[in-house]
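Peer 1: Chains as they are written, first to last, in the working numbering: chain F, -14 to 244; chain P, -14 to 244.
Protein chains: 2
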Amino acid sequence: MEAVAALKTARPVSVLPFRARSVLRDVSRRAPACSTCKLRGVCMSVGLEADAMTDLEEIVTPAVRVAKGETLYRSGGRFTGLYAIRLGSFKTVLLADDGQEQVAGYHMPGEILGADGIGAGLHDSEAVALEDSEVCAISFDSLQELAREQQAVQQNLHRILSREIVRERKIMMMLGTMSAEQRLAAFLVDLSERYRVRGYSSSEFVLRMTREEIGSYLGLKLETVSRLLSRFQREGLLQVQGRVVKLLDLTTLRQLVEH
Amino acid sequence: MEAVAALKTARPVSVLPFRARSVLRDVSRRAPACSTCKLRGVCMSVGLEADAMTDLEEIVTPAVRVAKGETLYRSGGRFTGLYAIRLGSFKTVLLADDGQEQVAGYHMPGEILGADGIGAGLHDSEAVALEDSEVCAISFDSLQELAREQQAVQQNLHRILSREIVRERKIMMMLGTMSAEQRLAAFLVDLSERYRVRGYSSSEFVLRMTREEIGSYLGLKLETVSRLLSRFQREGLLQVQGRVVKLLDLTTLRQLVEH
DNA sequence: CGCCGTCTTGACGAATCTCAAATAAAGTGG
DNA sequence: CCACTTTATTTGAGATTCGTCAAGACGGCG
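#1: Out of F:Gly61, F:Glu149 and F:Val174, which one is the CA nearest neighbour of F:Leu107?
#2: How is P:Ile123 classed by DSSP in three states: helix, strand or coil?
#3: DSSP three-state call for P:Ala137: helix, strand or coil?
#4: Return the CA-CA distance between F:Asp126 and F:Asn141, expressed in angstroms with no decimal places.
#5: Quick check on this structure: which residue in F:Ile199, F:Leu232, F:Val229 and F:Gly221 has the alpha carbon closest to the alpha carbon of F:His92?
#6: Closer than 7 Å between beta carbons: that is the criterion. Which residues of the segment 206 to 239 of chain F meet it against chain P?
#7: Quick one: using the 10 Å Cβ neighbour count with 16 as the cut-off for buried, is F:Lys76 buried or exposed?
#8: Which stretch, first to last residue, makes up the beta strand (DSSP E) that contains F:Gln226?
#9: The beta strand (DSSP E) with F:Tyr180 in it runs from where to where?
#10: Determine, for P:Ala105, whether the minimum Cβ-Cβ distance to residues of chain F falls below 9 Å.
#11: Return the CA-CA distance between P:Ser20 and P:Leu238, expressed in angstroms with no decimal places.
#12: Name the residue from P:Val49, P:Leu207, P:Ile103 and P:Asp109 whose alpha carbon lies nearest to the alpha carbon of P:Leu72.
#13: Nearest-angstrom Cα distance between F:Val12 and F:Ala122?
#14: With burial defined as no fewer than 16 other Cβ atoms inside 10 Å of the residue's Cβ, what is the status of P:His244: buried or exposed?
#15: Please say whether F:Leu176 and F:Leu160 have beta carbons closer to each other than 9 Å?
#16: Which bits of chain P does F:His92 rub up against, with CB to CB less than 9 Å?
#17: Mapping DSSP to helix, strand and coil, what is F:Ile103?
#18: Output needed in chain order: residues of the segment 152 to 182 of chain F with a Cβ under 7 Å from some Cβ in chain P.
#19: Taking Cβ positions only, does P:Glu243 come closer than 9 Å to chain F?
#20: For F:Thr46, which residues does DSSP report across the bridge?
#21: Alpha carbons only, please: which of F:Gly104, F:Glu134 and F:Gly204 is nearest the one belonging to F:Ala37?
#22: When the distance is taken between beta carbons, is F:Leu146 closer than 9 Å to F:Glu111?
#23: Per DSSP, P:Glu86 forms a beta bridge with which residues?
#24: Out of curiosity, what's the CA-to-CA distance linking P:Leu222 and P:Glu42?
#25: Report all residues from its chain with a CB closer than 7 Å to the CB of F:Gly32; omit the five preceding and five following residues, and keep chain order.
#26: List the whole-angstrom C-beta distance separating F:Leu115 from F:Ile70, where the pair is believed to meet the contact cut-off of C-beta under 8 Å.
#27: Rank P:Gly26, P:Asp83, P:Glu96 and P:Leu169 by C-alpha distance to the C-alpha of P:Glu208 and give the top, closest one.
#28: Just the chain F side, please: which residues come within less than 9 Å of P:Ile97 by C-beta, in chain order?
#29: Output the boundary residues of the beta strand (DSSP E) element that contains P:Thr56.
#30: Return the CA-CA distance between P:Val230 and P:Arg212, expressed in angstroms with no decimal places.
#31: Flag F:Val36 as yes if its beta-carbon sits less than 9 Å from any beta-carbon of chain P, otherwise no.
#32: Which same chain residues, not among the five before or five after P:Ser201, have their C-beta less than 6 Å away from its C-beta?
#33: By alpha-carbon positions, which one of F:Ser186, F:Phe172, F:Val113 and F:Ser30 ends up nearest to F:Tyr58?
#34: Whose CA, out of P:Arg152, P:Glu119 and P:Ile150, lies closest to the CA of P:Gly54?
#35: Can you list the residues of chain P that F:Asp126 reaches, using a CB-CB cut of under 7 Å?
#36: Should P:Glu220 be labelled buried (16 or more other beta-carbon atoms within 10 Å of its own) or exposed?
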C-alpha cells in the first residue's frame, strides 16, 4: 500500500530540485497581500506594524497552487524556504532509511511548513497536499535578513519554530503514554479545536486522511482506527460516515484523553 | 514511584520563579569564555568570528552549577533564556495535565536546553540534572538582539531550533513505528554515537537514567527495558552490569533498528 | 549491617496486531 | 453515465507483544 502511494507521486531524484523550484516560480495570478489575508492572525504576519508587513509581503510568493497529492518538498530535498498554508491541508511524512513511513502531522491554513530543513539545509520530511491547496512561499534567506531588521518578524519566526517543538512534544507524549482509544480521542479533539479556531465547525468535519494515515500518525494500524471509530459511534460519542465525522459528545472525548 | 520522585524535588509553586532566577544569578567562580571552551564545535558558538564570539561571551553567564536532581527550569515556569550544557547531563520531562510524566530527552554537553519556552514565554517541560552538572545560561532577549547584529549567531540559533525539531521527529518515528526491541537498540546506538562525537567511548558508558526513565523515554515499562537488556546480553550484543553498559555488537544493534 | 530504591525474573492477561474476507467507495476508460 | 477496476473501510478470529502483578535479588548509603 505504501509502495503504491509512493508510485503515484514518484519522480526521478534528479528532477526534484527542479520541481521544487518550479513550484516556487509558479506565477501568482492574484497578488493577495499579507495585510489583507484572512490568516494574518495565525500566520507569520501576526502583530506586524505596517512597514514590517510591507517588507514581509515583498519576500513572500503568494498563493502558489498545490494540487491534491502533490508534494511541496521532499525528504532529502534542498531547503529554500518556509511555506505558509493559505488554503487546504497537508500531511507531513517522515521516511526512515528502510522505507518505513510515519505521518508526522496534519496541517491547516495559517500553519508554517518546512522548518525541519533549516538546520541541515535539507528537508527531513515531505509535505503532501491532502486536497487542492494554496501556500505562500517565503524565501528563508530573505526572511533571515528581514528578521535582522524587523524585531517583530524575528519574534514571529522564533515563536513559530518553538511552537513546532512544543507541538511535536505533545505528539511524543501521546505516542509514549496513551492507549489507542486515548490517542484517537486526542486526535479528534485536536482537529475539532483547530477547526474551531479557524472559524469552522468544531463538531462536524471531513477527515482528509485515510484510516491508514490516521493510524500512521497515531502509531496504530488502520484496523484499530476503524474499530475504534465504530466503537465510539456505538457508544454515541460521534457519528462516522466514511470520512465525515460528527462529534456528538466532545466532553466525554476530552475526558477520555485525560484518562 | 513517580510520586516519590516528585516529592524529592517538589517546591511550592510560588517559589519557582525565584528559584529559576537564583540559578541564573549564581556567581561563576571561573569565567570560561566560549572562545576557549572545548565545546565550541558543538555549541551556540560554532563558526563565529572573533568579534561575534566576544559579543556572545558578554551575554552568557558561564558555568552555572546544577547539582544532581536539581531542576534547571520547570513546566509552566517563566522562560528567560536558553541553557548550554557544559558538563554533565540532563533529562527533559513532559508533564500532562493529569500528572502523567514522559521523558522527552536525555541531553549531553554542548546541547541547548529550554527552546520550548520561546513561543509561549513559559516552559512546557522541565529539565533535571542527572548528575552534578554545569550549564551556561544565555538570556534570550540579549540573544535575539545579538542575532540581529551578527548573522552567524542568528544562523546558529535557527540551526539549534530546527535541529531540535528534527531530533523530536526521530523520537516520534521511534515511538510510532518501532517494536520495543528496536526502540531499545535505537536508544543505545544513539547514545553510543553521541558519546563518540564528544570524544568518549562509543562502546562502553554509564546510563545516567533508571530503567524506568529509559522506559518512559521509549514508551515502555521498566520491566520491558530490563528484560530486553537481559536478552541482548544473552544474545551477546552487549554486557550490562547495573548502569554500566558495554556494547559488544554495534553492527547487529544497528541492523535491529533498521528492521 | 540493614534499609530503601532499583533491578531482575516469572506467570498471566489485556491490548493491539496480523491475516483474511466481505463490503463500500472512489476513480477510470469506454 | 455505466461497467469495471482499484482503493478504502469494516469486521472477525487468532496470534503476539507488551503490560501487570508479584516476589525476590542486588547494591549503595547511612
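Using N, Cα and C, we set each Cβ at its ideal position, and we do this for glycine too. What you are looking at is a predicted structure, and each value in this text was computed from that prediction instead of being measured.
Peer 2: The relevant details are as follows:
#1: Locating residue 107 of chain F in the first sequence gives position 122, counting from the first residue. Minimum Cα distance to F:Leu107 is reached at F:Gly61.
#2: By 1-based counting over the second sequence, the position of residue 123 of chain P is 138. P:Ile123 falls in the strand class under three-state DSSP.
#3: As a first step, residue 137 of chain P must be located in the second sequence, where it is residue number 152. Note: P:Ala137 maps to helix in three-state DSSP.
#4: Along the first sequence, one-based indexing puts residue 126 of chain F at 141. Along the first sequence, one-based indexing puts residue 141 of chain F at 156. Distance between the alpha carbons of F:Asp126 and F:Asn141: 16 Å.
#5: Your numbering for residue 92 of chain F matches position 107 in the first sequence. Considering only alpha carbons, the answer is F:Ile199.
#6: none
#7: Taking the first sequence and counting its residues from 1, the one referred to as residue 76 of chain F is at position 91. Buried is the call here.
#8: Locating residue 226 of chain F in the first sequence gives position 241, counting from the first residue. Looking at the DSSP string, the run of the beta strand (DSSP E) that includes F:Gln226 is Leu223 to Gln226.
#9: The residue given as residue 180 of chain F occupies position 195 in the first sequence. First-last for F:Tyr180: Ala165 to Val182, but that is the alpha helix (DSSP H), not the beta strand (DSSP E).
#10: Translated into positions along the second sequence, residue 105 of chain P becomes position 120. Output row for P:Ala105: interface = yes.
#11: For this step, residue 20 of chain P is matched to residue 35 along the second sequence. For this step, residue 238 of chain P is matched to residue 253 along the second sequence. Rounded to whole angstroms, P:Ser20 to P:Leu238 spans 38 Å at the Cα level.
#12: Taking the second sequence and counting its residues from 1, the one referred to as residue 72 of chain P is at position 87. With distances taken between Cα atoms, P:Leu72 lies closest to P:Val49.
#13: Looking up residue 12 of chain F in the first sequence gives position 27. Looking up residue 122 of chain F in the first sequence gives position 137. Note that F:Val12 scores 44 on pLDDT, short of 50, meaning its location in the model is unreliable; the coordinates nonetheless yield the value given after this. The alpha-carbon atoms of F:Val12 and F:Ala122 are separated by roughly 12 Å.
#14: To locate residue 244 of chain P, count along the second sequence from 1; it is residue 259. P:His244 comes out exposed.
#15: By one-based count along the first sequence, residue 160 of chain F stands at place 175. By one-based count along the first sequence, residue 176 of chain F stands at place 191. No, Cβ-Cβ distance for F:Leu160 and F:Leu176 is not below 9 Å.
#16: On the first sequence, position 107 is the one that residue 92 of chain F refers to. Simply none; closest approach about 14 Å.
#17: Along the first sequence, one-based indexing puts residue 103 of chain F at 118. Of the three classes helix, strand and coil, the one that applies to F:Ile103 here is coil, per DSSP.
#18: Glu153, Arg154, Ile156, Met157, Met158, Leu160, Gly161 and Thr162
#19: For this step, residue 243 of chain P is matched to residue 258 along the second sequence. Cβ-Cβ to chain F under 9 Å: yes for P:Glu243.
#20: Taking the first residue of the first sequence as position 1, residue 46 of chain F is located at position 61. F:Ala122.
#21: If you number the first sequence from 1, residue 37 of chain F lands on position 52. For the residues F:Gly104, F:Glu134 and F:Gly204, the minimum Cα distance to F:Ala37 belongs to F:Glu134.
#22: The sequence position of residue 111 of chain F within the first sequence is 126, counting from 1. The sequence position of residue 146 of chain F within the first sequence is 161, counting from 1. The answer is no: Cβ separation not under 9 Å.
#23: Taking the first residue of the second sequence as 1, we reach residue 86 of chain P at position 101. In the DSSP output, where bridge partners are listed per residue, P:Glu86 has P:Leu80.
#24: Position 237 of the second sequence, counting from 1, holds the residue named residue 222 of chain P. Position 57 of the second sequence, counting from 1, holds the residue named residue 42 of chain P. Cα to Cα, P:Leu222 sits roughly 44 Å from P:Glu42.
#25: Taking the first residue of the first sequence as position 1, residue 32 of chain F is located at position 47. The residues are Ala137.
#26: One-based indexing of the first sequence puts residue 115 of chain F at position 130. One-based indexing of the first sequence puts residue 70 of chain F at position 85. With a Cβ gap of about 11 Å, F:Leu115 and F:Ile70 do not count as contacting.
#27: Locating residue 208 of chain P in the second sequence gives position 223, where the first residue counts as 1. Of P:Gly26, P:Asp83, P:Glu96 and P:Leu169, the residue nearest in Cα terms is P:Leu169.
#28: For this step, residue 97 of chain P is matched to residue 112 along the second sequence. Within 9 Å Cβ-Cβ: nothing; P:Ile97 doesn't reach chain F, min ~12 Å.
#29: Working through the second sequence from its first residue, we reach residue 56 of chain P at position 71. That run of the beta strand (DSSP E) goes Thr56 to Tyr58.
#30: The count along the second sequence starts at 1 and reaches residue 230 of chain P at position 245. The count along the second sequence starts at 1 and reaches residue 212 of chain P at position 227. Going by the C-alpha atoms only, they are around 15 Å apart.
#31: Here the question's residue 36 of chain F lines up with position 51 in the first sequence. Per the sequence presented here, residue 36 of chain F reads as Asp, with Val not at that position. Judged by the 9 Å Cβ criterion, F:Asp36 is not in contact with chain P.
#32: Along the second sequence, one-based indexing puts residue 201 of chain P at 216. Around P:Ser201: Gln87 and Val88.
#33: As a first step, residue 58 of chain F must be located in the first sequence, where it is residue number 73. Per the Cα distances, F:Val113.
#34: Sequence index remark: in the second sequence, residue 54 of chain P carries index 69 (1-based). If we check each option's Cα against that of P:Gly54, P:Glu119 comes out closest.
#35: Taking the first residue of the first sequence as position 1, residue 126 of chain F is located at position 141. Correct list: empty, because the minimum Cβ distance to chain P is about 11 Å.
#36: Stepping through the second sequence from its first residue, residue 220 of chain P is reached at position 235. It is exposed - the Cβ of P:Glu220 has fewer than 16 other Cβ atoms within 10 Å.
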